[in-house]
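A short worksheet on the structure shown next.
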Amino acid sequence: MNPKTQSEHTRKICELAPVIPVIVIDDATRAEPLATALISGGLPVLEVTLRTDAALDAIRAMSKVEGGHVGAGTVLTPDQVYRAKDAGASFAVAPGATETLIRACEEASLPLLPGSVTASEVMQAAEYGYDMLKFFPAETSGGAPALKALAGPLPHVTFCPTGGVTPDNAGSYLSLPNVICVGSSWVASGAAIADGDWQGIESRARSASHLRQR
Ligand code: 3PG
Numbered sequence: 001m002n003p004k005t006q007s008e009h010t011r012k013i014c015e016l017a018p019v020i021p022v023i024v025i026d027d028a029t030r031a032e033p034l035a036t037a038l039i040s041g042g043l044p045v046l047e048v049t050l051r052t053d054a055a056l057d058a059i060r061a062m063s064k065v066e067g068g069h070v071g072a073g074t075v076l077t078p079d080q081v082y083r084a085k086d087a088g089a090s091f092a093v094a095p096g097a098t099e100t101l102i103r104a105c106e107e108a109s110l111p112l113l114p115g116s117v118t119a120s121e122v123m124q125a126a127e128y129g130y131d132m133l134k135f136f137p138a139e140t141s142g143g144a145p146a147l148k149a150l151a152g153p154l155p156h157v158t159f160c161p162t163g164g165v166t167p168d169n170a171g172s173y174l175s176l177p178n179v180i181c182v183g184s185s186w187v188a189s190g191a192a193i194a195d196g197d198w199q200g201i202e203s204r205a206r207s208a209s210h211l212r213q214r
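See the structure below:
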């Protein structure tokens with residue numbers, strides 16, 4: 001898949017909901033009820049970070065839940081790209097962007113949401129053909145004011161800010177013309193997953209799904 005097409009695919013996925021729950025899961029047996037709760041609550045796009053041994057099995061289980069789009073997060077290497085694709089991931093998210101990773105995702109036809117923060121990083125990603133980017137770590141990188149400033153010289157690039165996004169500040173990001181959605185762990189925290197609090201997760205997903213999306 002060529003870079004432009006890849007990035008268009010990623011944008012289409014990002015347009016499906018205002019919030020992408022960022023999930024760190026230790027027990028793959030919890031993946032199916034977790035995905036069901038989030039999707040029932042109105043958040044169909046899910047990011048499972050490859051930070052735990054259970055992550056790939058969780059992606060495998062969650063991909064089978066109807067109505068969802070399950071991506072692999074914290075993708076750092078080509079090997080992880082191929083494993084994620086094999087597990088059924090429909091997109092990949094990276095904290096940054098390297099040429100090696102970008103090329104691996106293109107070879108695997110796995111749409112990538114690459115991370116960028118500075119104007120130079122955004123310009124570099126755009127040179128590779130990517131104009132739908134993750135802005136990470138969002139809050140410590142200047143938050144909504146930084147994204148607003150980037151929209152001046154780089155209006156064609158859109159973002160999914162992630163890292164420090166909360167129910168209190170999500171609205172300020174989502175009101176920006178260059179923000180398509182936000183990513184955050186608040187909807188499905190590690191503690192809520194460990195507790196099997198599917199009702200609480202579904203309820204937080206429902207509230208998040210009503211946040212205004214451009
Ligand atoms: C992460 O790094 O886990 C994601 O960016 C989510 O960050 P958050 O826990 O601040 O929402």
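Numbering (this note's numbering), first residue to last: 1 to 214.
The C-beta atom is built at its ideal place from N, Cα and C for all residues, glycine as well.
Being a predicted model, the structure only gives us computed values, none of them experimental.
Practice prompt. Report buried or exposed for aspartate 131, applying the criterion of at least 16 other Cβ atoms within 10 angstroms of its Cβ.
Written response: Residue mapping note: residue 131 aligns to position 131 of the sequence shown, counting from 1. By the neighbour-count rule (16 or more Cβ atoms within 10 Å), aspartate 131 is buried.
Worksheet item: When the distance is taken between beta carbons, is valine 187 closer than 8 Å to alanine 208?
Response: Taking the first residue of the sequence shown as 1, we reach residue 208 at position 208. Taking the first residue of the sequence shown as 1, we reach residue 187 at position 187. For alanine 208 and valine 187, yes; Cβs fall inside 8 Å.
Practice prompt. Run the proximity test for phenylalanine 234: is its beta-carbon closer than 7 Å to any non-hydrogen atom belonging to the ligand 3PG?
Written response: Any answer about residue 234 is impossible in this case: the structure gives the chain only from 1 up to 214.
Discussion item. With the cut-off set at 8 Å, would you say leucine 150 and valine 182 are in Cβ contact?
Written reply: Stepping through the sequence shown from its first residue, residue 150 is reached at position 150. Stepping through the sequence shown from its first residue, residue 182 is reached at position 182. Not in contact: leucine 150 and valine 182 (Cβ atoms no closer than 8 Å).
Fill in: Distance CB(phenylalanine 135)-CB(proline 177) smaller than 8 Å
The residue you call residue 135 lines up with position 135 of the sequence shown. The residue you call residue 177 lines up with position 177 of the sequence shown. Not in contact: phenylalanine 135 and proline 177 (Cβ atoms no closer than 8 Å).
Discussion item. Quick check on arginine 204: buried or exposed, where buried means 16 or more other Cβ atoms within 10 Å of its Cβ?
Written reply: Taking the sequence shown and counting its residues from 1, the one referred to as residue 204 is at position 204. Arginine 204 is buried by the Cβ-count criterion.
Worksheet entry | Distance between lysine 64 and alanine 37 (C-alpha atoms, nearest Å) | Here residue 37 is taken as the residue at index 37 of the sequence shown, counted from 1. Here residue 64 is taken as the residue at index 64 of the sequence shown, counted from 1. Their backbone Cα atoms lie some 14 Å apart in a straight line.
Worksheet entry | Three-way DSSP call (helix, strand, coil) for proline 161 in this model | Translated into positions along the sequence shown, residue 161 becomes position 161. Strand.
Worksheet item: For threonine 100, which residues from the same chain have a beta carbon less than 7 Å from its beta carbon, with the 5 sequence-adjacent residues on both sides left out?
Response: For the purposes of this step, residue 100 is taken as residue 100 along the sequence shown, with counting starting at 1. Only Pro78 meet the Cβ criterion.
Worksheet item: With C-beta atoms as the reference, is glycine 71 less than 8 Å away from isoleucine 39?
Response: Here the question's residue 71 lines up with position 71 in the sequence shown. Here the question's residue 39 lines up with position 39 in the sequence shown. No, the Cβ-Cβ distance between glycine 71 and isoleucine 39 is not below 8 Å.
Item to complete: Below 7 Å CB to CB, which residues in the same chain sit around methionine 1 once its five sequence neighbours on both sides are set aside?
Response: Within the sequence shown, residue 1 is the residue found at index 1, counting from 1. Hits under 7 Å: Glu106, Ser109.
Worksheet item: Where does leucine 50 fall in DSSP's three states?
Response: Taking the sequence shown and counting its residues from 1, one reaches residue 50 at position 50. DSSP places leucine 50 in coil when its eight states are reduced to three.
Discussion item. Using CA atoms only, rank isn't needed, just tell me which of Arg206, Ala125, Ala84 is closest to isoleucine 102.
Written reply: For the purposes of this step, residue 102 is identified with residue 102 of the sequence shown, where counting begins at 1. Considering only alpha carbons, the answer is Ala125.
Worksheet item: Got a sec, what are the start and stop residues for the beta strand (DSSP E) lysine 134 sits in?
Response: As a first step, residue 134 must be located in the sequence shown, where it is residue number 134. Run containing lysine 134: 132-135, per the beta strand (DSSP E) assignment.
Item to complete: Please confirm whether any heavy atom of the ligand 3PG lies closer than 7 Å to the CB of threonine 140.
Response: Looking up residue 140 in the sequence shown gives position 140. No, since every heavy atom of the ligand 3PG falls outside the 7 Å radius drawn around the Cβ of threonine 140.
Worksheet item: Going by the beta-carbon positions, is the gap between valine 19 and leucine 211 smaller than 8 Å?
Response: Reading the sequence shown from its first residue, position 19 is the one you call residue 19. Reading the sequence shown from its first residue, position 211 is the one you call residue 211. Yes, Cβ-Cβ distance for valine 19 and leucine 211 is below 8 Å.
Practice prompt. Kindly indicate which residue of Gly196, Trp198, Leu174 has the alpha-carbon position closest to the one of glutamate 15.
Written response: Locating residue 15 in the sequence shown gives position 15, counting from the first residue. When each option's Cα is compared against that of glutamate 15, the closest is Leu174.
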